[in-house]
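Chemist: Here's a structure for you.
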Amino acid sequence: MSKPPPDLRRRDLLAQSFALAMIVACAGPEKEPPSPTDDTGEPSGDDTSADDTSADDTSGETATETGDSATETGGETGGETGGETAEPEATCEGASEPLPSTCESTSGDGEGPYYRTEYPERVNLNVLEEAGDELLVDGRLLDERCKPVVGATVDLWHATPKGIYDMSGDYHCSGRAITDSQGGFCFRTLRPPPYSNGMGGFLAAHLHWNVLISGEKRLTTQTYFADDPELDATTKPADLVKTVEPISEGLGRVRVEFVLRPR
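All residue numbers for the sequence shown refer to this note's numbering, where the first residue is 2 and numbers rise by one.
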């Protein structure tokens with residue numbers, strides 16, 4: 002059998018190569034599988050991003066609402082709390098002052114007819130919540146060497162703002178304290194007024210005191226107020242007349258220091 006001429010073989014090879022090239026060209030590049038989509042045809046990746054943004058927005062709204070609520074609550078609470086003025090507490094500030102270097106025994110004064118031996122131990126003596134000017138009484142008890150007297154009984158009683166002594170079981174405007182480690186004691190009460198002496202005149206306003214140690218009376222005295230118009234200071238020992246320090250409207254402080262006579 003005779004061989005085809007070289008030119009014919011060359012044409013056959015070219016034709017086969019061309020046909021193969023056309024097949025490859027028609028097949029095209031390999032396509033990636035399509036991304037899953039939702040009903041709208043938008044890629045699900047975008048939806049996920051949108052959902053995340055929506056969640057962030059919702060979280061932001063919740064946080065804002067919560068913050069507003071907290072702000073409102075805090076504002077109301079703070080406003081109410083801030084608007085109220087807390088009453089100053091009765092404190093024995095006199096006991097915190099430096100001790101004197103010398104001491105003279107406190108002058109005595111009359112007990113009067115209204116002393117009772119069973120006063121309750123308490124700081125607040127306005128047990129009936131009666132209206133009137135309030136008075137903080139800060140005190141200290143010392144011996145003749147200016148040393149604090151610890152554990153002594155201090156009884157205080159005085160007239161009410163109506164100018165009478167309460168003799169009921171309430172013990173209104175009266176009470177008892179036990180001196181602390183600094184000899185201190187304190188009361189919160191109502192400032193007594195001058196009251197009738199039964200002879201057409203008035204007695205100067207005053208506080209009554211008894212100091213007892215182991216049940217024995219060691220001092221009976223009174224305290225007067227320097228600004229009392231009914232007070233005749235020339236008739237009272239100077240150490241019993243005290244100045245009332247104003248704290249606020251309707252509230253003052255008086256400080257007393259008692260020194261016991263030596264035994």
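A virtual CB, placed ideally from N, CA and C, is assigned to each residue, including glycine.
Where Asp1 and Leu241 are concerned, what is the direct C-alpha to C-alpha distance, given to the nearest angstrom?
Modeler: Since the first residue shown for the chain is 2 and the last is 264, residue 1 is missing from the structure and cannot be characterised.
Chemist: Taking Gln223 as part of the beta strand (DSSP E), name the residues at either end of that continuous run.
Modeler: Gln223 -> beta strand (DSSP E) spans 217-226.
Chemist: Taking a contact to mean a Cβ-Cβ separation below 8 Å, would you say Gln223 touches Asp110 in this structure?
Modeler: Contact flag set, yes.
Chemist: Sort Leu232, Pro195, Gln183, Leu191 by Cα distance to Glu258 and report the nearest one.
Modeler: Cα-wise, what sits closest to Glu258 is Gln183.
Chemist: Please classify Val150: is it buried, with 16 or more other beta-carbons within 10 angstroms of its beta-carbon, or exposed?
Modeler: Val150 comes out buried.
Chemist: Name, in chain order, the residues that DSSP records as bridge partners for Gly176.
Modeler: According to DSSP, which records beta bridges pairwise, Gly176 is partnered with Leu157.
Chemist: By DSSP's criteria, Val242 is part of a beta bridge. Which residues make up the other side?
Modeler: In DSSP, Val242 forms a bridge with Tyr225.
Chemist: For Thr118, which three-state DSSP category applies?
Modeler: If DSSP states are grouped into helix, strand and coil, Thr118 belongs with coil.
Chemist: Quick one: using the 10 Å Cβ neighbour count with 16 as the cut-off for buried, is Ala160 buried or exposed?
Modeler: Counting Cβ neighbours within 10 Å, Ala160 comes out buried, since at least 16 surround it.
Chemist: Could you have a look at Thr236 and say whether DSSP puts it in helix, strand or coil?
Modeler: It is helical.
Chemist: Could you compute how far the alpha carbon of Glu135 sits from the alpha carbon of Arg192?
Modeler: Near 6 Å, if we compare the C-alpha coordinates of Arg192 and Glu135.
Chemist: Taking the DSSP output, what are the residues bridged to Cys187?
Modeler: DSSP lists Asp139 as partners of Cys187.
Chemist: Where Gly176 and Val212 are concerned, what is the direct C-alpha to C-alpha distance, given to the nearest angstrom?
Modeler: The alpha-carbon atoms of Gly176 and Val212 are separated by roughly 12 Å.
Chemist: For Leu213, which beta-bridge partners are listed by DSSP?
Modeler: In DSSP, Leu213 forms a bridge with Thr154, Lys218.
Chemist: Whose C-alpha, out of Asp167, Leu252, Ile214, is nearest the C-alpha of Val1?
Modeler: Any answer about residue 1 is impossible in this case: the structure gives the chain only from 2 up to 264.
Chemist: Excluding five sequence neighbours on each side, which residues of the same chain lie with their C-beta closer than 6 Å to the C-beta of Lys243?
Modeler: Excluding sequence neighbours, Lys243 sits near Thr224, Val255.
Chemist: Can you give me the Cβ contacts of Gly253 inside the same chain, cut-off strictly under 8 Å, excluding the 5 residues immediately before and after it?
Modeler: Around Gly253: Asp134, Glu135, Leu136, Leu137, Arg192, Val245, Glu246, Pro247.
Chemist: For Val124, I'd like the list of residues in its chain whose CB is within less than 8 Å of its CB, leaving aside the five on either flank, ordered along the chain.
Modeler: So the list reads Ala91, Gly176, Ala178, Cys187, Phe188, Arg189, once near-sequence residues are dropped.
Chemist: With 16 as the cutoff for other CB atoms within 10 Å, does Thr180 come out buried or exposed?
Modeler: Thr180 is buried by the Cβ-count criterion.
Chemist: If the criterion is Cβ atoms closer than 8 Å, does the pair Glu145 and Ser106 meet it?
Modeler: In contact: Glu145 and Ser106 (Cβ atoms closer than 8 Å).
Chemist: Report the CB separation of Tyr115 from Trp158 in whole angstroms; it is logged as a contact under 8 Å.
Modeler: At roughly 6 Å, the Cβ-Cβ gap stays under 8 Å, so Tyr115 and Trp158 are in contact.
Chemist: When we look at the beta-carbon of Leu129 and count the other beta-carbons within 10 Å, is it buried (16 or more) or exposed?
Modeler: When all chains shown are included, Leu129 counts as exposed.
Chemist: Of all the options Gly113, Ala227, Gly216, Gly164, which has the alpha carbon lying nearest to the alpha carbon of Ala153?
Modeler: Of Gly113, Ala227, Gly216, Gly164, the residue nearest in Cα terms is Gly216.
Chemist: Where does Gly185 land, buried or exposed, given buried means 16+ other C-beta within 10 angstroms?
Modeler: Counting Cβ neighbours within 10 Å, Gly185 comes out buried, since at least 16 surround it.
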